[in-house]
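S.K.: Under mature numbering (1 follows the signal peptide of the UniProt record, and there is no 0), read the sequence shown as residues -30 to -1, 1 to 241, first letter to last.
If you scroll down you'll find the structure; I have some questions about it.
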Amino acid sequence: MNNKLNIILTKIKKLLYLFSASLLVFTSCSKDDSPTNQDAILSKGDNTTNQTITLSENGTETNQNLILPKKIIDLGYPHILTYDKNKIVQFNGEERGLKIVYTYTGDLITKEEWLRHDENVTIEYNYEDNRLKSSVITNISGGKTSKTEIAYTHNADHTVDLYDIDFFMGKETLVYIGKYTFLNGNIVKYEHRSGSVQTYEYDNKNNPNRNILGFDKLIDPELSVNNCIKETSSEQNTSISYEYDYNTNGYPTEKRRLFNGVVDLKTQYFY
């Protein structure tokens, strides 16, 4: 991946970690094992505050109580998530100056606007056959604008290839970036063209964002069906593990990141 793309994605990843869920930098194919409107996890009524929404099932309307994250506390700072039914509208972390605004076309997320102080990152998503085809990342920072385009190829073996779209003398060229591998709706491996490999292991519980419409098209370990419990990097020869507390519905209420066996970050979820 070229240096420009590295810089942009690194900035976005830093913002993304604040939203231990969100959202992606990249987004991907629809995962066959991810929940649909019909099989999304419903509330059983513990200490979770639920949102009543209307879902369309084969042309009929039904009322369901879906569990949606309403607040995330990270490093002591609260971040508020707002919805229109089960569509996410905005992620707001006023104390840290971060706001993410979402735009849908139908049931698909087609735009994310990442706003923080004097920096503005916009990600526009294009789909084909209900799967991500490309994304355009525009970064405005310090009065300068840069743009990067990513193309996605969905393979029959449950992998997705990523390409940087370069333009040289008016001709479009695809430069290979890497490959994501999916298993049971989770990203289990990322192979970069440099040869480095990132692997992910998961629990069997529900990801906090599992019921947010359109997130099943996004490609990021934080948006997998289950919760990541271990990340291993071949390049750095290191691993990071995660511990969770869950509510009775199987959703995390607290996430703890451990580096070398020591907790260095806690995140709390309120639904």
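Backbone N, C-alpha and C fix where the C-beta goes; we use that ideal spot for every residue, glycine too.
1) Within 10 angstroms of its Cβ, does D88 collect 16 or more other Cβ (buried), or is it exposed?
2) Measure the CB-CB distance between N181 and L68 and report whether it falls below 7 Å.
3) Measuring CB to CB, does I135 end up less than 7 Å from S194?
4) How far does the beta strand (DSSP E) with G148 in it reach, from first residue to last?
5) Taking the beta strand (DSSP E) that H162 falls in, what are its first and last residues?
6) To which residues of the same chain is R108 closer than 6 Å at the C-beta, ignoring the five residues directly before and after it?
7) Roughly how many angstroms separate the alpha carbons of S209 and L228, rounded to a whole number?
8) Using a beta-carbon distance below 7 Å, is Y95 in contact with chain B?
9) Taking contact to mean 3 or more Cβ pairs, one atom from each stretch, closer than 8 Å, check whether the region 55 to 63 and the region 161 to 176 are in contact.
10) How many Å lie between P178 and Y212 at the Cα?
11) So what's K187 in DSSP terms, helix, strand or just coil?
12) Return the CA-CA distance between G97 and H49, expressed in angstroms with no decimal places.
13) With DSSP collapsed to three states, give me the class of E82.
M.R.: Based on what the coordinates show:
1) exposed
2) no
3) no
4) K141 to L153
5) N156 to H162
6) Checking the sequence, you will find Thr at residue 108 rather than Arg. Hits under 6 Å: T92 and K117.
7) Each residue's CA atom was taken as its position, placing S209 and L228 some 9 Å apart.
8) You won't find chain B in this structure, because it holds only one protein chain.
9) no
10) 14 Å
11) helix
12) The residue you asked about is not Gly; residue 97 is Tyr in the sequence shown. Distance between the alpha carbons of Y97 and H49 is about 29 Å.
13) The answer is strand: DSSP assigns E82 an E or B state.
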